[in-house]
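Residue numbers (the numbering used here): 11 to 528.
Note that CB positions come from ideal geometry on N, CA and C, so glycine has one too.
Just so it is clear, the structure is predicted and the values come from calculations on it, not from any experiment.
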Amino acid sequence: MTRASPPFKRILLNLLQVPLKTTSFTQIHSLLFTSGASQELSVLLKLAEFLASSQTPSSAYFTLKQTQRLPNPFLFNTLISSYTQSSSPHLAFAVFKHMVSDGSTPDKYTFPLVLKSCVRFWGFEEARQIHGVVAKLGFLTDLYVQNVLIHVYGLCGCYPDACIMFDDMLVRDVVSWTCLISVCVKGGRFVDALTLFAQMDVAPNITTIVSVLVASGRTGELNIGRSVHGLLLKNEAVLGLIAGNALLDMYVKCERIDEAKRMFKELPMKDIVTWTSIISGYAKCGCLDMALEIFENMPIKNIRSWNALIGGLAMHGHGKEALGYFEWMVRTGLKPNDVSFIAILSACSHSGLVEEGRRHFASMIKFHDLVPKIEHYGCMVDLLGRAGLVEEAYELVKTMPMKADVLIWGAMLSACRTSGKTEISQWVRDSLLELGPSDSGAFVLLSNIYATNDRWGDISRLRRLMRKKGIKKEPGSSIIELDGWVHEFLVGVMEHHQMEDILMVLYIFEKQMQIDEQ
DNA sequence: ATAGGGTTAG
């Protein structure tokens, strides 16, 4: 018998569906060979998936290898992709290592699959090694491989490498551009994302547009967001869930609640993301009643929906209510995350609830298994500072496990201003200066903090300080030299000519956009 | 058989 009979094949496939004990697996395994089913591709693919769910990479690898006279990359690729989707994605890399050291040559499909696993386990070093193998085996010119390398490097915290990949490419397609743009967005480089979009020389598709909408929202570039919206309308794009949500959230982030409301009404599909987004919109503009109403009518609520509501209450000084909803959320069995704690700590801070703030901060570690990040320390410093407890804030900054950043120093500085503790205040100023010229971005941030608080005196003092320290950048802007011309870019604001570039791109691609969303 | 997208806090 060279081929398995159809019923037998079906039985095997069904057996491979369920988790098995080792003994029954051994029996199936021998049946595979004696029946000839090991020649059936569909059975082998199921076998690969099954192995990934139950065996170590090396035993899975060698089992699959046994089924073939020559190593078959296709089967190993399936194994890699199954491990990538599992809860232990780094095992995909282990399979890859076996392939390479065992002489089973990877093919062009292997690299994107194994690189994708690196994104899931933050494997920058592994990605580099794979990159080396890619180069050695001559796959560096493969567009898929190049694109996924941009993506992996960008998401594993190595943005410069992603840029190098992108710059070195001779041919870039829409995915190449979209990869880099989305990497920028994920890393908070929103202006860079928009600048890249303005330089695109291929038509964007809906995936590109989604990233651009996020970037427009986060930079508050309503004009770009609106133009992108216009482009979608002109293309008669049927908005899918993701694009619709991105558009809605762009209006929310640009604080255009009326437009967001209209979008919300018109969206053909809504899910938990849509609801959360509109709540945060109502969160933000002070329409707490509307936010509450939507929240209560939501069919499903996740941690982000609760955080949006609690954060909104906190933002508008309803500290007690925010805490109430927090307790309620915990009672429903949802686990608060780090953002939940930023929301309630800032609620305590704005409402002067010192004792509650201290208690919740302590409970993060004790009861919720969370490690406070610098933002949480920042909230606490702010809370203590506002309550006039400068000494305690000072102790906290001294004992916290990480280096203080400019926001912490900013909170300390305002605490000192009202307390008159000159000794601590001097220490804060000295520490701030130690951040040094490399941290000129920090000064810009600080000057923004001052600016929003109408503290222009502080700003001019800060500028003097920066000049004295040899920090060249003026706060609030950065200078870039291009083709011998010096352009000054305002922080967080697009330059006029950049804006025009983007509108031009939108115009050019008006009729070329590939609407690939159903 | 391989690549890219949305929501929370400050």
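Could you give the DSSP three-state label for residue 157: helix, strand or coil?
Counting from 1 along the first sequence, the entry for residue 157 is found at position 147. In the structure shown, residue 157 sits in a helix (DSSP, three-state: H, G or I).
Would you be able to state if there are at least three C-beta pairs under 8 Å between the region 280-287 and the region 242-250?
Contact between the region 242-250 and the region 280-287 is absent: fewer than three C-beta pairs spanning the two stretches fall below 8 Å.
Please report the distance separating the alpha-carbon of residue 261 from that of residue 512.
Reading the first sequence from its first residue, position 251 is the one you call residue 261. Reading the first sequence from its first residue, position 502 is the one you call residue 512. Going by the C-alpha atoms only, they are around 18 Å apart.
Count the other CB atoms, across all protein chains shown, that sit within 10 Å of the CB of residue 507; report buried if there are 16 or more and exposed otherwise.
Locating residue 507 in the first sequence gives position 497, where the first residue counts as 1. Exposed, since its Cβ has fewer than 16 Cβ neighbours within 10 Å.
How far does the alpha helix (DSSP H) with residue 307 in it reach, from first residue to last?
As a working note, residue 307 is residue 297 in the first sequence. DSSP places residue 307 inside the alpha helix (DSSP H), whose first and last residues are 298-307.
Enclosing alpha helix (DSSP H) for residue 314 [first to last residue]:
As a working mapping, residue 314 is identified with position 304 in the first sequence. 313-325 is the span of the alpha helix (DSSP H), which, as asked, contains residue 314.
Give a yes or no on whether the C-beta atoms belonging to residue 176 and residue 144 are separated by under 9 Å.
Locating residue 176 in the first sequence gives position 166, where the first residue counts as 1. Locating residue 144 in the first sequence gives position 134, where the first residue counts as 1. It is not a contact, given that the beta carbons lie outside the stated cut-off.
DSSP three-state call for residue 136: helix, strand or coil?
As a working note, residue 136 is residue 126 in the first sequence. Helix.
Does the Cβ-Cβ distance between residue 402 and residue 394 come in under 9 Å?
In the first sequence, counting from the first residue as 1, residue 402 sits at position 392. In the first sequence, counting from the first residue as 1, residue 394 sits at position 384. Taking 9 Å as the cut-off, the Cβ atoms of residue 402 and residue 394 count as close.
If the criterion is Cβ atoms closer than 9 Å, does the pair residue 290 and residue 322 meet it?
Counting from one through the first sequence, the residue named residue 290 turns up at place 280. Counting from one through the first sequence, the residue named residue 322 turns up at place 312. In this structure, residue 322 lies closer than 9 Å to residue 290 by Cβ.
In the structure shown, what three-state DSSP assignment does residue 149 receive?
Start at 1 with the first residue of the first sequence, and residue 149 comes out as number 139. DSSP places residue 149 in coil when its eight states are reduced to three.
Residue 411 versus residue 371: straight-line alpha-carbon distance, rounded:
Against the first sequence, residue 411 aligns to sequence position 401. Against the first sequence, residue 371 aligns to sequence position 361. When rounded, the distance between both Cα atoms is 15 Å.
Using the rule of at least 16 other Cβ atoms within 10 Å of the residue's Cβ for burial, across every protein chain shown, is residue 80 buried or exposed?
If you number the first sequence from 1, residue 80 lands on position 70. Classification of residue 80: exposed, given that the 10 Å Cβ count is below 16.
Are residue 320 and residue 357 close, meaning C-beta to C-beta below 9 Å?
As a first step, residue 320 must be located in the first sequence, where it is residue number 310. As a first step, residue 357 must be located in the first sequence, where it is residue number 347. Taking 9 Å as the Cβ cut-off, residue 320 and residue 357 qualify as a contacting pair.
I need the straight-line Cα distance from residue 447 to residue 421, nearest angstrom please.
Position 437 of the first sequence, counting from 1, holds the residue named residue 447. Position 411 of the first sequence, counting from 1, holds the residue named residue 421. Below a pLDDT of 50, predicted positions are generally treated as unreliable, and residue 447, at 46, falls in that range; no measurement from the model is reported.
As a quick exercise: from 359, 311, 425, 424, pick the residue whose alpha carbon is nearest that of residue 333.
For the purposes of this step, residue 333 is taken as residue 323 along the first sequence, with counting starting at 1. Checking every option, the nearest Cα to that of residue 333 belongs to 359.
Secondary structure of residue 534, DSSP reduced to three states:
The requested residue 534 does not occur in the structure, where the chain is confined to residues 11 to 528.
Is residue 179 helix, strand or coil when you go by DSSP?
The sequence position of residue 179 within the first sequence is 169, counting from 1. Coil, per DSSP.
CA-CA distance, residue 292 and residue 183?
Along the first sequence, one-based indexing puts residue 292 at 282. Along the first sequence, one-based indexing puts residue 183 at 173. Approximately 39 Å between the Cα atoms of the pair.
Please classify residue 347: does DSSP put it in a helix, a strand, or coil?
Counting from 1 along the first sequence, the entry for residue 347 is found at position 337. Per DSSP, reduced to three states, the secondary structure at residue 347 is coil, with no helix or strand assignment.
With distances taken between CB atoms, is the gap from residue 193 to residue 161 smaller than 9 Å?
Sequence index remark: in the first sequence, residue 193 carries index 183 (1-based). Sequence index remark: in the first sequence, residue 161 carries index 151 (1-based). Yes, Cβ-Cβ distance for residue 193 and residue 161 is below 9 Å.
Starting from the C-beta of residue 407, find all residues in its chain whose C-beta is less than 8 Å away, skip the five residues before and the five after it, and write them out in chain order.
As a first step, residue 407 is located in the first sequence; it is residue number 397 there, counting from the start. When the five nearest sequence neighbours on each side are left out, the beta carbons in the same chain lying within less than 8 Å of the beta carbon of residue 407 are those of 387, 391, 414, 418, 422, in order along the chain.
With distance defined between alpha-carbon atoms, name the residue in 179, 365, 377, 58 nearest to residue 347.
Numbered from its first residue, the first sequence carries residue 347 at position 337. Answer by Cα proximity: 377.
Give the single residue among 174, 231, 306 whose Cα lies nearest to the Cα of residue 259.
The residue labelled residue 259 in the question sits at position 249 within the first sequence. Closest by alpha carbon: 231.
What number of angstroms, rounded off, separates the C-alpha of residue 499 from the C-alpha of residue 146?
Against the first sequence, residue 499 aligns to sequence position 489. Against the first sequence, residue 146 aligns to sequence position 136. With a pLDDT of 36 at residue 499, under the threshold of 50, the modelled position of that residue is not reliable, and no figure is offered here.
Is it true that the CB of residue 22 sits closer than 9 Å to the CB of residue 40?
The residue labelled residue 40 in the question sits at position 30 within the first sequence. The residue labelled residue 22 in the question sits at position 12 within the first sequence. Taking 9 Å as the Cβ cut-off, residue 40 and residue 22 do not qualify as a contacting pair.
Taking the Cβ atom as the reference point for each residue, do residue 42 and residue 58 lie within a distance shorter than 9 Å?
What you label residue 42 is simply residue 32 of the first sequence in a count that begins at 1. What you label residue 58 is simply residue 48 of the first sequence in a count that begins at 1. Note that the C-beta distance between residue 42 and residue 58 is not below 9 Å.
What do you get for residue 273, buried or exposed, if any count of 16 or more other CB atoms within 10 angstroms of its CB means buried?
Residue 273 sits at position 263 when you count from the first residue of the first sequence. Buried, by the Cβ-count rule.
Note down, in chain order, each residue of its chain lying with its Cβ closer than 7 Å to the Cβ of residue 228, except the 5 sequence neighbours on either side.
If you number the first sequence from 1, residue 228 lands on position 218. Here the set comprises 200, 263.
Hey, would you say residue 398 sits closer than 9 Å to residue 432, going by beta carbons?
In the first sequence, residue 398 corresponds to position 388, counting from 1. In the first sequence, residue 432 corresponds to position 422, counting from 1. Against a cut-off of 9 Å, the Cβ pair of residue 432 and residue 398 comes out as no contact.
Considering only C-alpha positions, which residue in the set 77, 132, 368 is nearest to residue 102?
Residue 102 sits at position 92 when you count from the first residue of the first sequence. Per the Cα distances, 132.
Please state whether DSSP places residue 5 in a helix, a strand or coil.
Outside the shown range of the chain, which is 11 to 528, sits residue 5, and nothing can be said about it.
Closest residue to residue 62 among 311, 104, 37, 51 (Cα-Cα distance)
Within the first sequence, numbered from 1, the residue matching residue 62 stands at position 52. Of the listed residues, the one whose Cα sits closest to residue 62 is 104.
Rounded to the nearest angstrom, what separates residue 84 and residue 205 at their Cα positions?
For the purposes of this step, residue 84 is taken as residue 74 along the first sequence, with counting starting at 1. For the purposes of this step, residue 205 is taken as residue 195 along the first sequence, with counting starting at 1. Approximately 40 Å between the Cα atoms of the pair.
Excluding the five sequence neighbours on either side, which residues of its own chain have a C-beta within less than 6 Å of the C-beta of residue 8, listed in chain order?
No information on residue 8 is available, as it lies outside the stretch 11 to 528 that the chain covers here.
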